[in-house]
Each structure stands twice: as structure tokens, then as C-alpha cells.
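Undergrad: Numbered by my numbering, the letters in the sequence shown go through residues 78 to 160 in order.
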Amino acid sequence: MNYTYRIIVEPDEKGFHASVPALPGCHTWGKTIDDAREMVRDAIDVYLRSLVADGESIPEDAGMEVFETVLAPKGVKRATVHA
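Right under this line is the structure:
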């Protein structure tokens, strides 16, 4: 059976942090985005295997991503993100 999970990848001071909202505590890190994606696939695999070994059910990702664009208040400058 296949499962599909949303993965959130965000830059941090060392590289990229990846987390899986539907799997609490399932997160990892990678030097590049591709590294983070590879590491999070491994983390998901270990997480799901652990659930099966403990007789737990495997959760499905029922969440969704929604992006909103809002106007910044006057005088607010855009932050610079370094990736």
C-alpha cells in the first residue's frame, strides 16, 4: 500500500529542515534540499515501520496546504532569506 505525506522543507542556519505534519515528531535535516528530501523519506520509512512493529495504525495525511498573500503594513521591509 502507498501513502502520500506532505513534507515541509525550510531553510535553517545549517541547511534545510524537513518535517512531516501528519507524523508527529518525524523530522530531519539535510545540507541541501535534495539531502533533506532523501533523509525525510528515510525518516518516514523508520516511523511507519515502528508503528507497524508496535501494532499501531498508519495515519493518513488529511491536511492541506493553503497559501495566502497579504499586504505588509507600510514601512515593513521584506526579510532576506539566505539559502
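C-beta atoms are modelled at their ideal positions from N, C-alpha and C, and glycine is treated no differently.
1) Across the region 135 to 151 and the region 107 to 116, are there enough close Cβ pairs to call them in contact, namely three or more that are closer than 8 Å?
2) Please state the DSSP three-state secondary structure of V86.
3) In terms of DSSP beta bridges, what is F93 paired with?
4) Do R114 and P98 come within 8 Å of each other at the CB atom, strictly closer than that value?
5) With distances taken from CA atoms, which of D122, W106, P88 and K91 is nearest L100?
6) Might you give, ordered along the chain, the residues of its own chain that have their beta carbon closer than 6 Å to the beta carbon of V117, omitting 5 neighbours on each side?
TA: Reading it off the structure:
1) no
2) Residue state, collapsed to three classes: strand.
3) P88 and G107
4) no
5) D122
6) I84, A95 and T105
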